[in-house]
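Numbering (our numbering), first residue to last: 203 to 286. Glycine included, each C-beta is placed from N, C-alpha and C at the ideal position.
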Amino acid sequence: MARSVHIEDDDDDGGGEEGEIDQAEKEEATQALRAEQAVLADRGAAIMCLMYLSASNGEPSDMVAQTLQLGIHLLSGGNKDIQK
């Protein structure tokens with residue numbers, strides 16, 4: 203199962219080299235998330251989520267919960283390509 207990458211904004215006033223490293227790590231994590239989202243989107247994951255949720259007729263189940271988690275992962279970070 204895919205893991206979601208969450209990026210937190212820190213209000214660190216330390217600055218300096220550590221801040222540059224943290225920023226670089228955040229950018230790398232963001233790029234990795236976008237790449238993972240793009241692969242899933244190319245394989246039809248967003249459409250599959252919508253179709254499965256629609257077919258569930260609003261009945262809660264473990265599969266619906268997992269499908270929602272996948273949808274959240276796809277949209278994480280405001281991915282505009284997925285939102286089209």
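Open item on the list: Please report the distance separating the alpha-carbon of proline 262 from that of methionine 253.
Closed with: Whole-angstrom Cα-Cα distance: 15 Å.
Task: Nearest candidate by alpha-carbon position, reference aspartate 283, set Glu222, Gly221, Gly246, Glu220 - done: Gly246
Task: Helix, strand or coil at glutamate 261 [DSSP, three-state] - done: Here glutamate 261 sits in coil by DSSP.
Open item on the list: Buried or exposed for alanine 237, going by 16 or more other Cβ atoms inside 10 Å?
Closed with: exposed
Open item on the list: Considering just the uninterrupted stretch of the alpha helix (DSSP H) at lysine 282, what are its terminal residues?
Closed with: 282 to 285
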